[in-house]
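Engineer: Count the sequence shown with this note's numbering and you get residues 3 to 343, in order.
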Amino acid sequence: MQCMHILVTGAAGFIGYHLSERLLARGDSVTGLDNLNAYYPVALKRARLERLQAHGKFHFLQADLADREALEALFSANKFDAVVNLAAQAGVRYSLENPGAYVDSNIVGFGNVLECCRHHAIGHLVYASSSSVYGMHTHMPFSVHDNVDHPVSLYAASKKANELMAHSYSHLFGLPTTGLRFFTVYGPWGRPDMALFLFTRAILADEPIQVFNQGNMLRDFTYIDDIIEGVVRVTDQPARPNPNWNPAAPDPGTSSAPYRLYNIGNNTPVSLHTFIQAIENSLGKQAIQQLLPMQPGDVAATCADIDDLFEAVGYRPATDIEEGVERFVAWYREYTQKETL
Numbered sequence: 003m004q005c006m007h008i009l010v011t012g013a014a015g016f017i018g019y020h021l022s023e024r025l026l027a028r029g030d031s032v033t034g035l036d037n038l039n040a041y042y043p044v045a046l047k048r049a050r051l052e053r054l055q056a057h058g059k060f061h062f063l064q065a066d067l068a069d070r071e072a073l074e075a076l077f078s079a080n081k082f083d084a085v086v087n088l089a090a091q092a093g094v095r096y097s098l099e100n101p102g103a104y105v106d107s108n109i110v111g112f113g114n115v116l117e118c119c120r121h122h123a124i125g126h127l128v129y130a131s132s133s134s135v136y137g138m139h140t141h142m143p144f145s146v147h148d149n150v151d152h153p154v155s156l157y158a159a160s161k162k163a164n165e166l167m168a169h170s171y172s173h174l175f176g177l178p179t180t181g182l183r184f185f186t187v188y189g190p191w192g193r194p195d196m197a198l199f200l201f202t203r204a205i206l207a208d209e210p211i212q213v214f215n216q217g218n219m220l221r222d223f224t225y226i227d228d229i230i231e232g233v234v235r236v237t238d239q240p241a242r243p244n245p246n247w248n249p250a251a252p253d254p255g256t257s258s259a260p261y262r263l264y265n266i267g268n269n270t271p272v273s274l275h276t277f278i279q280a281i282e283n284s285l286g287k288q289a290i291q292q293l294l295p296m297q298p299g300d301v302a303a304t305c306a307d308i309d310d311l312f313e314a315v316g317y318r319p320a321t322d323i324e325e326g327v328e329r330f331v332a333w334y335r336e337y338t339q340k341e342t343l
């Protein structure tokens with residue numbers, strides 16, 4: 003396959019870093035954009051960037067998606083073959099405290115990305131959605147063909163909005179767009195606000211871990227390498243119209259426009275108790291558990307239907323939780339020897 007020039011927004015973030023590494027390893031040129039905000043320690047973002055900047059084909063711009071002029075200048079100065087938009091204000095619980103950050107980044111910022119892709123004839127826009135869009139939906143596994151009109155957090159609503167905005171641009175301007183609903187991503191270089199990072203740090207420090215819903219949660223934990231494999235395969239295959247799409251019985255996951263949605267998950271829900279046990283086994287140390295009620299914006303269970311992903315790109319994530327957690331713990335021990343988090 004011919005090497006491409008790909009813009010990765012959120013390149014200093016968890017998924018953006020790993021995607022950039024993978025694209026560079028196969029010979030693509032990557033321009034990374036990130037605003038390096040302080041939602042979690044910037045030192046971790048800079049450490050990821052430092053590794054990326056060792057590659058000759060990686061170029062970085064610090065900018066915010068909400069800065070329309072900066073984004074337009076970036077697109078005007080480059081010819082991107084594809085854009086993977088991973089920049090967003092993340093976190094369900096934080097959206098209860100600071101909703102404005104989600105509007106600025108996830109709505110205004112994404113609108114700017116769409117406009118730039120439209121005016122600069124981008125061949126494919128791939129963007130991060132989230133399993134959180136399923137909200138109050140309880141029929142599992144979650145399918146992209148299901149209606150998802152009942153989000154339970156502003157974060158989820160902003161991701162659903164991205165899907166709707168993308169569809170309008172696919173329909174009006176023929177822009178191929180693919181939304182990827184990620185399911186509980188974890189692994190090395192992960193986010194410090196996520197459960198795996200928080201639990202590992204607390205257990206090693208002999209501090210209690212907060213276990214919500216009394217631990218009665220199921221999550222479709224998906225290892226980072228599996229996520230990246232899915233993203234790369236989808237990026238290489240621009241969305242196409244569904245010739246069988248029927249407006250009398252509209253399918254939410256496809257369209258008469260070049261628009262697609264895919265879940266990327268492990269299709270194997272794991273209980274929070276099993277997840278904690280895997281961390282304990284990897285650390286050789288038991289957790290002190292503080293059992294708490296369900297938090298606002300949370301859901302009790304997630305599970306991804308990945309049949310569409312497999313049909314489209316021939317891939318199913320398969321890393322089990324024990325192996326994935328062990329890899330994270332090994333990275334965490336090495337990283338914390340060098341850095342103060």
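By construction, the Cβ of each residue, glycine as well, lies at the ideal position given by its N, Cα and C atoms.
For Ile211, which of Ser134, Glu328 and Gln279 has the nearest alpha-carbon?
Structural biologist: Walking along the sequence shown from the start, residue 211 turns up at place 209. Checked all of Ser134, Glu328 and Gln279; the closest Cα to Ile211 is Gln279.
Engineer: Starting from His139, trace the beta strand (DSSP E) in both directions and tell me its first and last residue.
Structural biologist: The count along the sequence shown starts at 1 and reaches residue 139 at position 137. Run containing His139: none; DSSP gives neither H nor E here.
Engineer: Evaluate contact between the segment 149-163 and the segment 262-277, counting only Cβ atoms and requiring at least three cross-stretch pairs below 8 Å.
Structural biologist: no
Engineer: If you count every other CB in all the chains shown that lies within 10 Å of the CB of Thr140, and 16 or more means buried, which is it?
Structural biologist: Position 138 of the sequence shown holds residue 140. The residue is exposed, with fewer than 16 neighbouring Cβ atoms inside 10 Å.
Engineer: Please classify Ala130: does DSSP put it in a helix, a strand, or coil?
Structural biologist: For the purposes of this step, residue 130 is taken as residue 128 along the sequence shown, with counting starting at 1. DSSP places Ala130 in strand when its eight states are reduced to three.
Engineer: Return the Cβ separation of Val10 and Leu21 in integer angstroms, given the expectation that the two are a contact with Cβ distance under 8 Å.
Structural biologist: Taking the first residue of the sequence shown as 1, we reach residue 10 at position 8. Taking the first residue of the sequence shown as 1, we reach residue 21 at position 19. With a Cβ gap of about 6 Å, Val10 and Leu21 count as contacting.
Engineer: Could you check how far apart the C-beta atoms of Phe277 and Phe223 are, in whole angstroms? I think they sit under 8 Å.
Structural biologist: Along the sequence shown, one-based indexing puts residue 277 at 275. Along the sequence shown, one-based indexing puts residue 223 at 221. Indeed they touch by this definition, with Cβ atoms about 7 Å apart.
Engineer: Since Thr304 and Arg203 are thought to touch, with beta carbons under 8 Å apart, how far apart are those beta carbons, to the nearest angstrom?
Structural biologist: For this step, residue 304 is matched to residue 302 along the sequence shown. For this step, residue 203 is matched to residue 201 along the sequence shown. In fact, because the Cβ distance is near 24 Å, the residues do not count as touching under 8 Å.
Engineer: Report buried or exposed for His121, applying the criterion of at least 16 other Cβ atoms within 10 angstroms of its Cβ.
Structural biologist: In the sequence shown, the residue the question calls residue 121 occupies position 119. Exposed, since its Cβ has fewer than 16 Cβ neighbours within 10 Å.
Engineer: DSSP on Leu311, reduced to helix/strand/coil?
Structural biologist: If you number the sequence shown from 1, residue 311 lands on position 309. Leu311 falls in the helix class under three-state DSSP.
Engineer: Which residues in the same chain have their Cβ closer than 6 Å to the Cβ of Val44, if we skip the five residues on either side of it in sequence?
Structural biologist: In the sequence shown, counting from the first residue as 1, residue 44 sits at position 42. Excluding positions up to five away in sequence, the list reads Leu38.
Engineer: Out of Phe60, Gly113 and Ile281, which one is the CA nearest neighbour of Val327?
Structural biologist: For the purposes of this step, residue 327 is taken as residue 325 along the sequence shown, with counting starting at 1. Of the candidates Phe60, Gly113 and Ile281, the one whose C-alpha sits nearest the C-alpha of Val327 is Ile281.
Engineer: With respect to the alpha helix (DSSP H) encompassing Pro210, which residues constitute its N-terminal and C-terminal limits?
Structural biologist: Numbered from its first residue, the sequence shown carries residue 210 at position 208. No alpha helix (DSSP H) contains Pro210, which is instead part of the beta strand (DSSP E) from Pro210 to Val213.
Engineer: If you count every other CB in all the chains shown that lies within 10 Å of the CB of Ser133, and 16 or more means buried, which is it?
Structural biologist: Mapped onto the sequence shown, residue 133 falls at position 131. Note on Ser133: 16 or more other CB atoms within 10 angstroms of its CB, so buried under the neighbour-count rule.
Engineer: Exposed or buried, what is Glu336 when buried is set at 16 or more other beta-carbons lying within 10 Å of its beta-carbon?
Structural biologist: Working through the sequence shown from its first residue, we reach residue 336 at position 334. Classification of Glu336: exposed, given that the 10 Å Cβ count is below 16.
Engineer: Tell me the rounded alpha-carbon separation between Asn108 and Leu67.
Structural biologist: Locating residue 108 in the sequence shown gives position 106, where the first residue counts as 1. Locating residue 67 in the sequence shown gives position 65, where the first residue counts as 1. Between Asn108 and Leu67, the C-alpha separation is close to 9 Å.
Engineer: Based on DSSP bridge pairs, tell me the residues matched to Gly34.
Structural biologist: Here residue 34 is taken as the residue at index 32 of the sequence shown, counted from 1. DSSP, once it has assigned bridges, lists Val10 and Phe62 as partnering Gly34.
Engineer: Since Val331 and Ser284 are thought to touch, with beta carbons under 8 Å apart, how far apart are those beta carbons, to the nearest angstrom?
Structural biologist: Residue 331 sits at position 329 when you count from the first residue of the sequence shown. Residue 284 sits at position 282 when you count from the first residue of the sequence shown. Between Ser284 and Val331 the Cβ distance is about 4 Å, and since that is below 8 Å, they are a contact.
Engineer: Going by DSSP, what residue range makes up the alpha helix (DSSP H) through Phe201?
Structural biologist: Locating residue 201 in the sequence shown gives position 199, counting from the first residue. Its alpha helix (DSSP H) spans residues Ala197 to Leu206.
Engineer: Is it a yes or a no for the segment 158-166 touching the segment 236-253, going by three-plus beta-carbon pairs under 8 Å?
Structural biologist: no
Engineer: How far does the alpha helix (DSSP H) with Phe77 in it extend, from its first residue to its last?
Structural biologist: The count along the sequence shown starts at 1 and reaches residue 77 at position 75. Arg70 to Ala79 is the span of the alpha helix (DSSP H), which, as asked, contains Phe77.
Engineer: Is the separation between the beta-carbon of Leu54 and that of Val85 shorter than 7 Å?
Structural biologist: Within the sequence shown, the letter at position 52 stands for residue 54. Within the sequence shown, the letter at position 83 stands for residue 85. Contact: no.
Engineer: Pick helix, strand or coil for Gly113, following the three-state DSSP scheme.
Structural biologist: In the sequence shown, residue 113 corresponds to position 111, counting from 1. Gly113: helix per DSSP, three-state reduction.
Engineer: How big is the Cα-Cα spacing for Pro190 and Ala251?
Structural biologist: In the sequence shown, the residue the question calls residue 190 occupies position 188. In the sequence shown, the residue the question calls residue 251 occupies position 249. Between Pro190 and Ala251, the C-alpha separation is close to 43 Å.
Engineer: What is the DSSP secondary structure of Ser273, counted as helix, strand or coil?
Structural biologist: Locating residue 273 in the sequence shown gives position 271, where the first residue counts as 1. In the three-state reduction of the DSSP assignment, Ser273 falls in the strand class.
Engineer: Which residues mark the beginning and the end of the alpha helix (DSSP H) in which Gly102 is found?
Structural biologist: The count along the sequence shown starts at 1 and reaches residue 102 at position 100. Counting along the chain, the alpha helix (DSSP H) containing Gly102 begins and ends at Pro101 to Tyr104.
Engineer: Since Arg262 sits in a beta bridge, which residues does DSSP pair it with?
Structural biologist: Residue numbering aside, residue 262 sits at position 260 when the sequence shown is read from its first letter. Thr180.
Engineer: Tell me the DSSP secondary structure of Gln91 in three-state form.
Structural biologist: If you number the sequence shown from 1, residue 91 lands on position 89. Reduced to three states, the DSSP call for Gln91 is coil.
Engineer: How about Gly181 and Tyr129: are their beta carbons less than 7 Å apart?
Structural biologist: The sequence position of residue 181 within the sequence shown is 179, counting from 1. The sequence position of residue 129 within the sequence shown is 127, counting from 1. Yes, they are a contact pair.
Engineer: Once you ignore the five residues that flank Cys5 on each side, which residues in its own chain have a CB closer than 6 Å to its CB?
Structural biologist: Here residue 5 corresponds to residue number 3 of the sequence shown, with the count starting at 1. Within the same chain, Cys5 has close Cβ partners Gly29 and Asp30.
Engineer: Over what stretch of residues does the beta strand (DSSP E) that includes Ile290 continue unbroken?
Structural biologist: Mapped onto the sequence shown, residue 290 falls at position 288. Ile290 to Leu293 is the span of the beta strand (DSSP E), which, as asked, contains Ile290.
Engineer: When the Cα of Met196 is compared with those of Lys81, Val213 and Pro249, which residue comes out closest?
Structural biologist: For the purposes of this step, residue 196 is identified with residue 194 of the sequence shown, where counting begins at 1. It is Val213.
Engineer: Asp220 by DSSP, collapsed to three states: which one?
Structural biologist: Residue mapping note: residue 220 aligns to position 218 of the sequence shown, counting from 1. The sequence shown places Leu at residue 220, not Asp. Residue state, collapsed to three classes: strand.
Engineer: Can you check which of these residues, Asn269, Glu71, Leu73 and Lys340, is closest to Arg318 by C-alpha distance?
Structural biologist: Walking along the sequence shown from the start, residue 318 turns up at place 316. Residue Asn269 is the option with its Cα nearest to Arg318.
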